[in-house]
Each structure stands twice: as C-alpha cells, then as structure tokens.
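Using numbering that gives the first Met the number 0, you'd call the opening residue of the sequence shown number 0 and step up by one each time. All C-beta atoms in this analysis are idealised placements derived from N, C-alpha and C, irrespective of residue type, glycine included. Heads up, the thing below is written out as structure tokens.
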Amino acid sequence: MINFNYETDFLLAAEASISKWITEVIATEGCTLEEVNYIFCDDEYLHKINVEFLQHDDLTDVISFDYCVGKHIQGDIFISVERVADNAKDFNVSFNDELCRVLVHGVLHYCGYKDKTESDAKLMRAKEDFYLSKRV
C-alpha cells in the first residue's frame, strides 16, 4: 500500500497513477510492497527532521526512513516540495519531473540502491532515468 500524507498546502495530482507506477517499480526490482508512506512537507518541517534524526543542519529535498525486511518494502519518505521546486529550477526541469525523480529515488533506496559513492550514484541516476521513462 502506498499512502500520501500532507504537512503543507501541496496536493499531489494523480495519486492513483503515481501509486501504480511506484508499485510497478518495486515489483520490477523483485521486491514486494508492504507499505510506503510519502509525507509532503516544507523546508522547515524537513529541516527539523534532518537535525533531530540525522544530525544534519542543512536543507534537503528527501529523507527516507527504511523499515524494510529483506525484499519486503516499507518505509516513510519525507519530501520538501519547496526543495523540489528549487531543484527543478536549478536543473532546468519541470516540477513534476523533479518530484517524480525524488519519489522513485526513495523507493530505489529501499530496493537496495545506494548513492554515497560516485559509482553508486551513477547507477542510482541510471535507475531513476529508466523508471522515469516508464512513468504512466
């Protein structure tokens, strides 16, 4: 089950199609969806989480809390829509494209992909691009 929660005025358009797409990503990666909660928020909300739980005093677009057991996918993915909007401008892409990249990025972490090294980040980006091209 995929749930969408809102801690800001933002509302995701096409929740059903996004949910279907993310479910297909998880299945394609050979994993089983248990429960993923997306929480959309603003910079201030996500900054507090970043400081409290990760001891990082900076802004970020996404933080995920992984509760997966093996290939059974479960977790909470917090997304700052303010950061996504700023990043979309910086990367010269649409807000929707950048938002979908962040949505799939969090789930790919749950499927076992990392992005701390240059080679891991390159693979993560390739996977993001692949699944973005499969979006409905």
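Between the alpha carbons of Ile-76 and Leu-53, how many angstroms are there, rounded?
Locating residue 76 in the sequence shown gives position 77, where the first residue counts as 1. Locating residue 53 in the sequence shown gives position 54, where the first residue counts as 1. Those two C-alpha atoms are separated by around 14 angstroms.
From His-71 to Asn-91, what does the alpha carbon distance come to, in whole angstroms?
Against the sequence shown, residue 71 aligns to sequence position 72. Against the sequence shown, residue 91 aligns to sequence position 92. When rounded, the distance between both Cα atoms is 35 angstroms.
Option in Ser-93, Met-123, Asp-41 with minimal Cα separation from Glu-6
Your numbering for residue 6 matches position 7 in the sequence shown. With distances taken between Cα atoms, Glu-6 lies closest to Asp-41.
Span of the alpha helix (DSSP H), counted from its first residue to its last, around His-55
Working through the sequence shown from its first residue, we reach residue 55 at position 56. Segment: none, His-55 is in no alpha helix (DSSP H) and carries neither H nor E.
Relative to the alpha-carbon of Leu-102, which residue among Ile-78, Gly-74, Glu-34 has its alpha-carbon at the smallest distance?
By 1-based counting over the sequence shown, the position of residue 102 is 103. Selected option, being the one with the closest Cα: Ile-78.
Identify, in the order they occur along the chain, each residue of the same chain with its Cβ nearer than 7 angstroms to the Cβ of Phe-64, setting aside the five sequence neighbours on each side.
Counted from its first residue, the sequence shown places residue 64 at position 65. Gly-74, Asp-75.
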